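Participant: The numbering used here applies: residue 6 is where the sequence shown begins, and numbers increase by one. Take a look at this one; I'll ask things after.
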Amino acid sequence: MTRKTVLIAGASRGIGLEFARQYAIQGWKVYAGVRTPAKATELLRVKGVEVLPLDVTSANSIAGAAWHADEDPLNLLIVCAGLYGPETTSFLAPGDADFDAVMRTNVLGPMRVIQAFADSVIGARGTIAVISSEMGSISGARGSKGLLYRASKAAVNMVAKCAANEYGPRGATVVTLHPGWVKTDMGGPNAEIEAYDSVVGMRGVLERVGPAENGGYFNYDGTPITW
Ligand code: NDP
Numbered sequence: 006m007t008r009k010t011v012l013i014a015g016a017s018r019g020i021g022l023e024f025a026r027q028y029a030i031q032g033w034k035v036y037a038g039v040r041t042p043a044k045a046t047e048l049l050r051v052k053g054v055e056v057l058p059l060d061v062t063s064a065n066s067i068a069g070a071a072w073h074a075d076e077d078p079l080n081l082l083i084v085c086a087g088l089y090g091p092e093t094t095s096f097l098a099p100g101d102a103d104f105d106a107v108m109r110t111n112v113l114g115p116m117r118v119i120q121a122f123a124d125s126v127i128g129a130r131g132t133i134a135v136i137s138s139e140m141g142s143i144s145g146a147r148g149s150k151g152l153l154y155r156a157s158k159a160a161v162n163m164v165a166k167c168a169a170n171e172y173g174p175r176g177a178t179v180v181t182l183h184p185g186w187v188k189t190d191m192g193g194p195n196a197e198i199e200a201y202d203s204v205v206g207m208r209g210v211l212e213r214v215g216p217a218e219n220g221g222y223f224n225y226d227g228t229p230i231t232w
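Here it is in structure tokens:
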């Protein structure tokens, strides 16, 4: 059996780091994209992972990573990098700097990363997973907490859907995933699940999806989420 290859964009901490760990243990070839490799100390200790400089807010950095990983068709591309931005509990418009940082990371970043690696995924008839959030579900939204983050995740959901429309017919499967409320720097210590369990769940979903699920939006346990 040929060894499978995964590239994770945003693997220095939290859920992305856990994806790198688990796919390495499973024997996959793992490209772990991080914006500051020297600071990714935990990741650097994971055996069998190739750490790549990859800042999703930089077109040059994405092009460099795509060039580096070019020799391998990608069975799986996971776009995991994310930024919460300001915590707001009511309808408070963000300042320019917060808006730019969150939207560049959570929306423009995935657009560019998906575009840069799409041909490699199509070559392997592989899967692109966009780690979004149920906070991007418009039908599920209650209140206005985390306004900017929610808006960015609703936007990236559309990015994923458009990628599914574009690349699905060419052989890739594109799905949007909600990882659960996870104990990471972003999710905080009171979150419901460990990164380990979130990633075990999402790996299971990613193993099961194929062309019939192209364009789907799923919880980490495989339950469909309404847009
Ligand atoms: P963390 O805050 O723990 O980690 C965020 C990760 O994104 C870090 O590895 C960080 O790298 C990386 N990142 C941020 N900006 C960039 C960038 N410009 N280029 C490359 N990498 C970048 O978050 P989580 O692990 O919890 O979240 C991962 C994903 O899951 C996010 O998209 C998030 O929105 C989503 N999510 C998380 C939930 C949770 O409960 N935790 C719930 C729902 C969705 P660096 O170390 O360099 O900062």
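Using N, Cα and C, we set each Cβ at its ideal position, and we do this for glycine too. In this text, all values refer to a predicted model and were calculated from it rather than measured experimentally.
(1) Please list, in chain order, all residues of the same chain as Thr231 whose beta carbon is under 7 Å from its beta carbon, the five residues on each side excluded.
(2) To the nearest angstrom, how far is the alpha carbon of Glu55 from that of Val205?
(3) Hey, could you find the ends of the beta strand (DSSP E) Lys34 is sitting in?
(4) Check the C-beta distance from Thr110 over to Gly87 and give it rounded, since I have them as a contact under 8 Å.
(5) Taking the beta carbon of Met163 as the centre, do at least 16 other beta carbons fall within 10 Å, making it buried, or is it exposed?
(6) May I have the straight-line CA-CA distance separating Ser95 from Tyr89, to the nearest angstrom?
(7) Compare the C-alpha of Leu48 against each of Ala98, Ala16, Met116 and name the closest.
(8) At a cut-off of 7 Å, is Met163 close to the ligand NDP when judged by its beta-carbon and the heavy atoms of the ligand?
(9) Please find out if some non-hydrogen atom of the ligand NDP comes closer than 7 Å to the beta-carbon of Trp33.
(10) Got a sec: does the ligand NDP put a non-hydrogen atom nearer than 7 Å to the Cβ of Val51?
(11) Going by C-alpha distance, which of Val180, Tyr225, Ala217, Thr181 is nearest Tyr201?
(12) Taking only heavy atoms of the ligand NDP into account, decide whether any of them is closer than 7 Å to the Cβ of Pro229.
(13) Just to confirm the assignment: which complete alpha helix (DSSP H) runs, minimum length 4, are found wholly within the segment 47-110?
(14) Are Ala168 and Val179 touching if we call contact CB-CB under 8 Å?
Facilitator: Checking against the coordinates, here is how it stands:
(1) Residue 231 sits at position 226 when you count from the first residue of the sequence shown. Closer than 7 Å at the Cβ level, and outside the excluded window around Thr231, lie Ser142, Ser144, Gly145.
(2) Translated into positions along the sequence shown, residue 55 becomes position 50. Translated into positions along the sequence shown, residue 205 becomes position 200. Going by the C-alpha atoms only, they are around 21 Å apart.
(3) Counting from 1 along the sequence shown, the entry for residue 34 is found at position 29. Residues 34-39.
(4) Position 105 of the sequence shown, counted from the first residue, corresponds to residue 110. Position 82 of the sequence shown, counted from the first residue, corresponds to residue 87. Right, their Cβ atoms sit about 7 Å apart.
(5) To locate residue 163, count along the sequence shown from 1; it is residue 158. That one is exposed.
(6) Taking the sequence shown and counting its residues from 1, one reaches residue 95 at position 90. Taking the sequence shown and counting its residues from 1, one reaches residue 89 at position 84. Between Ser95 and Tyr89, the C-alpha separation is close to 15 Å.
(7) Taking the sequence shown and counting its residues from 1, one reaches residue 48 at position 43. Nearest C-alpha to Leu48: Ala16.
(8) The residue given as residue 163 occupies position 158 in the sequence shown. Because no heavy atom of the ligand NDP lies under 7 Å away, the Cβ of Met163 does not count as near it: no.
(9) The count along the sequence shown starts at 1 and reaches residue 33 at position 28. Between the ligand NDP and the CB of Trp33, the shortest heavy atom gap is not smaller than 7 Å.
(10) To locate residue 51, count along the sequence shown from 1; it is residue 46. Not so, every heavy atom of the ligand NDP lies at least 7 Å from the Cβ.
(11) For this step, residue 201 is matched to residue 196 along the sequence shown. The shortest Cα separation from Tyr201 among Val180, Tyr225, Ala217, Thr181 belongs to Tyr225.
(12) Locating residue 229 in the sequence shown gives position 224, where the first residue counts as 1. Answer for Pro229: no, Cβ out of range of the ligand NDP.
(13) 64-73, 101-108
(14) Along the sequence shown, read from residue 1 onward, the residue named residue 168 stands at position 163. Along the sequence shown, read from residue 1 onward, the residue named residue 179 stands at position 174. A contact, by the Cβ cut-off of 8 Å.
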